[in-house]
Structures are given as structure tokens and as C-alpha cells.
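Before any comments, here is the structure.
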Amino acid sequence: MPNIKSSIKRVRTNESAQNLNIAQKNAMRTAVKQAETAKSDNAENKAELVSKAVKLVDKATKRNQIHANKASRLKSKLMAN
């Protein structure tokens, strides 16, 4: 644990940012899995789930939580028949 006041604050800030990033990344992964399941089951709301998943993938890319190439792969996989 750091002794300097600003370093202590920085540790706290980094921890809360890390928790937020993990939560957002998990939400994206869940949305992708739900979209893939809906596609395989040919569910009636698959277009809506795919749209939501693509939106969350784009947001994760924008926030540098995932690499742009990985985002492209995921979106391509979701958009394929």
C-alpha cells in the first residue's frame, strides 16, 4: 500500500475503474452468448439480441476493453447466417 496521499487515491480510483471495466466486459460477453443461442435456436427476437450484442461490442472497443480486430471477428460471427 502506498504512503503518498495521491497514490492512495489513485489505487482506489484504479480499483473502481477495473471493477467497472470487468462488469461492462461481462455484460458484452453475456449479450454475445445470448445472441448466438438465439440464432442457433432460431428465436423470434434474434435480430434484437444481435443488435444489442453488436452495440455492446462496439462500446467495449471504444473503451479499449477489447481489441478492434476481436470486435470485428465477433460482429462478423454474429452477422453471419
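At position 4 of the sequence shown (counting the first as 1) the number is 135 in the numbering used here, and the numbers step up by one without a gap.
The beta carbon of each residue, even a glycine, is placed where N, CA and C say it ideally should be.
Out of curiosity, what's the CA-to-CA distance linking asparagine 152 and methionine 210? Within the sequence shown, numbered from 1, the residue matching residue 152 stands at position 21. Within the sequence shown, numbered from 1, the residue matching residue 210 stands at position 79. Roughly 25 Å separates the two Cα atoms.
Taking the C-alpha atoms as reference points, what is the distance between glutamine 165 and glutamine 196? By 1-based counting over the sequence shown, the position of residue 165 is 34. By 1-based counting over the sequence shown, the position of residue 196 is 65. One C-alpha to the other measures close to 20 Å.
Inspect the CB distances between the segment 153 to 160 and the segment 185 to 203 and report whether three or more fall short of 8 Å. yes
From Ser137, Ala184, Leu180 and Pro133, residue whose alpha carbon lies closest to that of alanine 169: Here residue 169 is taken as the residue at index 38 of the sequence shown, counted from 1. Of the candidates Ser137, Ala184, Leu180 and Pro133, the one whose C-alpha sits nearest the C-alpha of alanine 169 is Leu180.
Same chain only: Cβ atoms within 8 Å of arginine 143, ignoring 5 sequence neighbours per side: Position 12 of the sequence shown, counted from the start, is the residue given in the question as residue 143. Answer for arginine 143: no residue qualifies.
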